[in-house]
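In this text, residue positions in the sequence shown follow UniProt numbering: the first is 1, and each later residue adds one.
Written out below as C-alpha cells is the structure these notes cover.
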Amino acid sequence: MSLLELDDVKVHFPVKKGVFFDRTVGHVYAVDGISLSVEAGQTYGLVGESGCGKTTLGRAVLRLVDITSGEVVFDGTDLAKLPDEEMRQFRRRLQMVFQDPLGSLNPRQNIESILSEGMAAHGIGTDRADRREKIKAILARVGLPANSLSRYPHEFSGGQRQRIGIARALVLEPDVIICDEPVSALDVSIQAQVINLLEELQESLGLTYLVIAHDLAVVRHISDVIGVMYLGSLVEEAPSDALYAGPKHPYTRALMSAVPVPDPEVEDRRERILLQGDLPSPANPPAGCRFHTRCPWVQEKCALERPVLTDLGDGHKVACHFAAEIENGTIGLTRATGIEAVVGTDKSADVDAAEPVADKVPAAKVPAQKASVEDAVVVAKPVAVEDEVVVETPVAVEAPVAGKSVAEKPADVDTDADVAAENESDEAAAPEEEAVDKAVPEDKAVDKDKAVPEDKPASDEVADAAGTGAGGKTGSA
Ligand SMILES: Nc1ncnc2c1ncn2[C@@H]1O[C@H](COP(=O)(O)OP(=O)(O)OP(=O)(O)O)[C@@H](O)[C@H]1O
Ligand code: SF4
Ligand SMILES: [Mg+2]
C-alpha cells in the first residue's frame with residue numbers, strides 16, 4: 001500500500017447568495033474526483049494551469065478545507081473521516097510548504113519563535129533549550145546560519161525565507177511534505193537551489209513529497225510520477241520520464257509543446273500547440289470531456305461522454321477517448337493550434353457543449369511556427385462568469401522561461417557565501433511596513449456581497465497546517 005492514497009476526492013465549494021439568508025445557488029467544482037497514490041520516499045508532481053484546483057487538493061489532504069467526498073488514506077488511516085483531535089496528531093506527519101514564503105511567516109515572530117511554536121504544540125523537544133538545539137541543527141541542514149534564530153522574516157531574502165518555511169516543516173519531523181508552488185515566487189537562480197535542497201533533504205531524511213507547480217520544468221527533475229490536472233480532474237498520469245518522452249493527452253501535449261528544448265535544431269522544428277479558448281469556469285464545467293471546449297482533436301463523442309482515467313500500460317494513465325487514435329494519426333486536428341488559435345479565443349468560448357463540436361470547427365492546417373517564448377504562452381482570458389457566481393478568474397498558463405530547467409543550475413545550496421549573497425539581495429532590505437503588508441496576502445477574487453467563502457489569512461492556515469491553530473477545518477462527507 002502507498003503511503004498516501006487519494007480515492008475519488010471531491011472538494012466542492014458552495015456558492016452562496018443573499019444578504020440576510022444565505023442560499024446555496026451553485027458549487028465551484030474545484031476538485032472533482034481525483035484518485036492518486038504517492039509512494040513512500042518518492043515525489044509526486046502535480047501540474048496544471050492556474051485555477052485548476054491544485055492548491056485545493058493539497059489543502060484537502062491536510063483537511064484545511066472540507067472534503068466533500070472521497071478518501072484520503074495516509075499510512076492506512078482515512079484522514080477524511082478522522083475526528084479533529086486525531087487529525088491534529090496526524091498533521092505533524094503531513095506538513096506544507098507554501099508558495100509565498102513571506103506571507104506564510106508571521107512578521108512579528110522571530111525565527112526561533114516561528115519554528116518552536118509547532119514543536120511545542122506537538123511535544124517535540126524536552127524544553128526550550130532542547131528545542132533550540134534541534135532548530136539549530138535543522139537551520140544548518142537548510143543552509144541558514146545559527147544566528148538566524150533571533151532574526152525576523154523581513155531580514156531574509158526570498159530564497160532564505162523559503163528555507164525557513166522548509167525548516168518549519170522539518171522541525172516537526174514529518175513523513176510527507178506538500179510543497180505548493182515552492183519556488184514560483186523566487187528568482188530563477190534561487191529556484192534551482194531550493195529544488196536541489198528539497199531533493200537533498202528527501203534523500204537524507206527519506207521524505208515523501210507532493211509537489212504542486214504550474215511549470216513542467218520545475219516538477220520534471222524532482223518527480224518520480226507526474227499528474228496533469230485540468231479543471232479539477234487528472235487528465236494524465238505517468239512516470240516522469242514516460243510523460244516527457246511521450247505525452248498522450250491533448251492538454252499535456254499542449255503544455256509540453258510550450259517547453260523550450262535546449263538543442264537549437266530540435267527547438268526550431270518543435271511543433272507548438274496553442275490552445276484555443278479560455279479555461280472554463282469550475283462553477284460551470286463543460287459536459288463530457290472537460291477539455292472539449294479547447295481540445296484541438298475534439299470529436300463529437302467528446303461533448304457527450306466524460307472519459308475515465310485509464311491505464312494504457314506501464315502506469316501511463318490517460319483520460320481521453322481518442323488518445324490511441326491521436327497518437328497513431330488516425331484522427332487529425334479539428335481546431336487551429338497555431339497563432340490563429342489564440343486570436344480565435346472569443347469565438348471558441350461560445351462553443352455549445354450539447355452540439356457536435358467537430359462539425360462546427362473546420363479542420364485547420366497548422367502553420368510552421370518560429371520558436372519563441374512569447375509564442376509559447378497559452379493565453380486564457382477571464383472566463384464568462386454567471387451573474388451571481390463569483391469565482392477566481394484564471395489568468396494564464398505561463399510558458400517556462402528559456403533556460404529555466406532546474407537541472408542545469410548549480411547544486412550548491414549550503415555555503416555561507418550563498419547565504420550571504422541572498423542576504424545582500426534587495427529583498428533582504430525590504431522595510432518592515434512592506435513586510436507586514438505582504439504578510440497577509442489578498443484573498444482570492446471574492447465579492448463579499450456575493451458570498452463565496454473567504455480564504456483564511458495565511459498565518460491561520462499555517463497554524464492549522466502545523467496543528468497549532470484553534471482547530472482547523474474538519475472533513476465532512
Ligand atoms: N475557499 C474557496 N471558496 C470558493 N472557491 C474557491 C475557494 N478556494 C479556491 N476556490 C476556487 O477553486 C478553484 C481552484 O482554486 P485553486 O486555488 O485550488 O487553484 P490552483 O490550481 O491552485 O491555482 P493557482 O495555480 O492559481 O494557485 C478556483 O476557481 C478558485 O477560485
Ligand atoms: S476526449 Fe476528446 S476532447 Fe477530450 S481530450 Fe480526448 S479528444 Fe480531446
Ligand atoms: Mg495554487
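C-beta: ideal position from N, C-alpha, C; glycine also.
Quick caveat: nothing in here was measured; it's all calculated off a predicted structure.
Under three-state DSSP, which class holds residue i?
| i | result |
| --- | --- |
| Leu144 | coil |
| Lys301 | helix |
| Val379 | Any reading at Val379 needs caution, since the residue's pLDDT is 35, under 50, leaving its predicted position unreliable; the model's value is listed next. Looking at Val379 - three-state DSSP - the assignment turns out to be strand. |
| Pro14 | strand |
| Leu82 | coil |
| Gln193 | helix |
| Ser150 | helix |
| residue 482 | With the chain represented from 1 up to 477, any question about residue 482 goes unanswered, as that position is not in the structure. |
| Glu236 | strand |
| Pro356 | Legend: pLDDT at Pro356 = 41, less than 50; position of this residue unreliable, value from coordinates given subsequently. Coil, per DSSP. |
| residue 478 | Beyond the ends of the chain as shown, which are 1 and 477, falls residue 478; an answer cannot be given. |
| Ala30 | strand |
| Glu173 | coil |
| Ile124 | coil |
| Ile331 | coil |
| Val259 | coil |
| Val452 | Confidence at Val452 is low in this model, with a pLDDT of 38, below 50, so its placement is unreliable and no value can be given for it. |
| Ala217 | helix |
| Val188 | helix |
| Gly24 | Gly is not the amino acid found at residue 24; the sequence shown has Thr there. Strand. |
| Leu275 | coil |
| Asp100 | coil |
| Glu427 | For Glu427, the predicted model reports a pLDDT of 40, less than 50, meaning its position is unreliable; a value from the coordinates is still stated below. Here Glu427 sits in helix by DSSP. |
| Thr208 | strand |
| Val9 | strand |
| Val183 | coil |
| Val266 | helix |
| Gln160 | helix |
| Ser281 | coil |
| Leu3 | coil |
| Ser223 | coil |
Taking 7 angstroms as the cut-off, is the beta-carbon of residue i closer than that to any non-hydrogen atom of ligand 3?
| i | result |
| --- | --- |
| Lys54 | yes |
| Glu181 | yes |
Which whole-angstrom value describes the C-beta separation of residue i and residue j, a residue pair presumed to lie in contact below a C-beta threshold of 8 angstroms?
| i | j | result |
| --- | --- | --- |
| Leu115 | Arg168 | 6 angstroms |
| Glu327 | Lys248 | 6 angstroms |
| Val235 | Thr252 | 7 angstroms |
| Pro250 | Gly315 | Not confirmed; about 20 angstroms, so no contact. |
| Thr334 | Leu274 | That pair is no contact at about 15 angstroms. |
| Val228 | Gly41 | Rounded, the Cβ-Cβ distance is 23 angstroms, inconsistent with contact. |
| Glu112 | Ile135 | 6 angstroms |
| Ser184 | Gln99 | 6 angstroms |
| Asp180 | Val97 | 7 angstroms |
| Glu39 | Leu3 | 6 angstroms |
Any heavy atom of ligand 2 closer than 7 angstroms to the Cβ of residue i?
| i | result |
| --- | --- |
| Pro101 | no |
| Gln299 | yes |
| His122 | no |
| His321 | yes |
| Pro250 | yes |
| Pro307 | yes |
| His292 | yes |
Confirm the yes/no value for this check: CB of residue i, any heavy atom of ligand 1, distance under 7 angstroms.
| i | result |
| --- | --- |
| residue 485 | Since the first residue shown for the chain is 1 and the last is 477, residue 485 is missing from the structure and cannot be characterised. |
| Pro282 | yes |
| His214 | yes |
| Ser50 | yes |
| Val28 | yes |
| Phe13 | yes |
- Message: Is it the case that the region 279 to 296 contacts the region 204 to 217, given that we only count it when at least three CB pairs across the two stretches are under 8 angstroms?
- Response: no
- Message: When you compare the region 259 to 279 with the region 76 to 84, are there three or more beta-carbon pairs, one atom per stretch, that lie closer than 8 angstroms?
- Response: no
- Item | Contiguous beta strand (DSSP E) assignments of at least 3 residues, all confined to the region 43 to 70 | 43 to 47
- If you pair each beta-carbon of the region 130 to 149 with each one of the region 101 to 108, do three or more pairs fall below 8 angstroms? no
- Item | Start-end ranges of the alpha helix (DSSP H) lying completely within the region 303 to 328, minimum 4 residues | 323 to 328
- Can we say the region 218 to 227 touches the region 52 to 66, given the rule of at least three CB pairs closer than 8 angstroms? no
- Message: When you compare the region 117 to 130 with the region 172 to 186, are there three or more beta-carbon pairs, one atom per stretch, that lie closer than 8 angstroms?
- Response: yes
- Query: Between the region 17 to 32 and the region 274 to 286, are three or more C-beta pairs nearer than 8 angstroms?
  - Reply: yes
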